[in-house]
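In our numbering, the protein residues as written are 13 to 94.
Cβ coordinates follow ideal geometry from the N, Cα and C atoms, glycine included.
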């Protein structure tokens with residue numbers, strides 16, 4: 013699944029266009045590499061998103077196309093900041 017769609021489905025970023033802009037702006041990394049909006053994400057990948065002066069790191073646990081709001085947190089596992 014594309015990283016911009018995953019960030020939206022997991023509700024890490026609320027809108028896909030904002031997720032795309034974050035990727036294009038170099039604020040999203042997959043396994044330590046800067047991600048483009050079209051890069052694929054897989055189960056087990058570490059995704060890091062920069063929100064201003066705060067970073068959020070998550071491990072991809074599951075990938076689903078359609079997710080209810082309550083099920084969005086089941087798609088990732090929060091990791092401590094470095």
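Closest to residue 51 by CA distance: which of 84, 69, 19 is it?
-> 19
What are the boundary residues of the alpha helix (DSSP H) that includes residue 15?
-> 15–21
Please work out which residues of its chain come closer than 7 Å, Cβ to Cβ, to residue 74, disregarding the five sequence neighbours upstream and downstream, and give them in chain order.
-> 55, 86, 87
By Cβ distance below 7 Å, which residues in the same chain neighbour residue 38 in space, the five residues on each side in sequence not counted?
-> 46
Measure the C-alpha to C-alpha separation of residue 33 and residue 49 and round it to an integer number of angstroms.
-> 8 Å
Extent of the continuous alpha helix (DSSP H) run through residue 82 = Here residue 82 belongs to no alpha helix (DSSP H), and DSSP marks it neither H nor E.
Minimum length 3: unbroken beta strand (DSSP E) runs contained in the segment 45–90 = 58–63, 66–72
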